[in-house]
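Undergrad:
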């Protein structure tokens, strides 16, 4: 499990009835510190409140004492208090925080894990592409381009954007050219935003090219217009250029049918009124 960098702690934590009772005990400082350490450990483990290192290794009292740098007796005393108040449960020797999902943003944590997985996948794919390019095209590129500006670097990266088709890596060379001709300005952020439609949403580079072409043909081409097209396809669940073509075909047929109906209605009016 990948760890997260934050947990939720309410500002009124010490107004809670259980915490008030703990705060009134002689060992309150030690118990409260261990509680904070316990919930931060649960966040770091990111295993839905179950204190487990792996499928076969769970945290014991001794391991917690060593991890928290606190005496074993103090840790056991705190755990007994937490069990008494229902803040901690022990099931078959496994320590867990039963209300973890209630108080923590589990959906947000899962989203972070998913983002981390996608980011790692993109990084691995980029490294694979770089390795392949190093074997074939790097020498010529280096000889022809000694100095590259920041803007040119973005263009070159776009030239090497990849798509997966039948497990073969192909270089998308037309996307950069289409963007140049469209006059759409890309920043680092907007460039990554475009790539995310491929890496995260499963769209093909043919779809990106088609969206750029549609944007270029609009009255006022802009990056926002381009994103609006891609978002529309995303909502429709499109992941291939064939789906886009079919959608365009249906739209044109519908438009033609409406125009034909309008002409028919107009002719009926002419016939009725004799002009």
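In the numbering used here, the protein residues as written are 59 to 333. Just so it is clear, CB atoms sit at the ideal spot from N, CA and C, and this is done for glycine as well.
Grab me the residues of residue 115's own chain with a C-beta within less than 8 Å of its C-beta, minus the 5 sequence neighbours each way, in chain order.
TA: There are no such residues.
Undergrad: Among 299, 241 and 306, which has the Cα closest to the Cα of residue 283?
TA: Among 299, 241 and 306, the Cα nearest to that of residue 283 is on 241.
Undergrad: With 16 other CB atoms within 10 Å as the buried threshold, where does residue 140 fall?
TA: Result: buried.
Undergrad: Whose C-alpha, out of 304, 261, 63 and 146, is nearest the C-alpha of residue 107?
TA: Out of 304, 261, 63 and 146, 146 has the C-alpha closest to the C-alpha of residue 107.
Undergrad: With burial defined as no fewer than 16 other Cβ atoms inside 10 Å of the residue's Cβ, what is the status of residue 72: buried or exposed?
TA: Residue 72 should be labelled exposed.
Undergrad: Could you give the DSSP three-state label for residue 110: helix, strand or coil?
TA: Residue state, collapsed to three classes: strand.
Undergrad: What does the Cβ neighbour count give for residue 302, buried or exposed, with the cut at 16 atoms within 10 Å?
TA: Buried, by the Cβ-count rule.
Undergrad: Cutting at 7 Å between CB atoms, please list the residues of its own chain near residue 269, excluding the five before and the five after it.
TA: Excluding residues within five positions, the ones whose Cβ falls inside 7 Å are 284, 287 and 288.
Undergrad: Quick check on the DSSP output: the alpha helix (DSSP H) that includes residue 152 runs from which residue to which?
TA: Looking at the DSSP string, residue 152 is not in any alpha helix (DSSP H); the run it does join, the beta strand (DSSP E), is 152-154.
Undergrad: If we count the other Cβ atoms within 10 Å of its Cβ and call it buried at 16 or more, is residue 64 buried or exposed?
TA: Classification of residue 64: exposed, given that the 10 Å Cβ count is below 16.
Undergrad: Please state whether the Cβ-Cβ distance between residue 143 and residue 95 is less than 8 Å.
TA: No, Cβ-Cβ distance for residue 143 and residue 95 is not below 8 Å.
Undergrad: Going along the chain, which residues of its own chain have a beta-carbon closer than 7 Å to the beta-carbon of residue 272, five neighbours each way excluded?
TA: The residues are 287.
Undergrad: Just grab the DSSP bridge partners of residue 116 for me.
TA: BP columns for residue 116 point to 110.
Undergrad: Measuring only from the beta carbon, is residue 137 closer than 7 Å to any heavy atom that is part of the ligand GTP?
TA: The ligand GTP is not part of this structure, which contains no ligands at all.
Undergrad: Hey, would you say residue 254 sits closer than 8 Å to residue 299, going by beta carbons?
TA: No. Outside cutoff.
Undergrad: Relative to the alpha-carbon of residue 132, which residue among 86, 111 and 313 has its alpha-carbon at the smallest distance?
TA: Residue 132 has its Cα closest to that of 86, out of 86, 111 and 313.
Undergrad: Do the CB positions of residue 100 and residue 155 come within less than 8 Å of each other?
TA: Contact flag set, yes.
Undergrad: When you compare each of 150, 278, 274 and 305 to residue 291 by their alpha carbons, which one comes out closest?
TA: Taking only the C-alpha atoms, the option nearest residue 291 is 305.
Undergrad: Do residue 297 and residue 248 have their C-beta atoms within less than 8 Å of each other?
TA: No, the Cβ-Cβ distance between residue 297 and residue 248 is not below 8 Å.
Undergrad: Locate the alpha helix (DSSP H) running through residue 102, then write down its first and last residues.
TA: Residue 102 -> alpha helix (DSSP H) spans 86-103.
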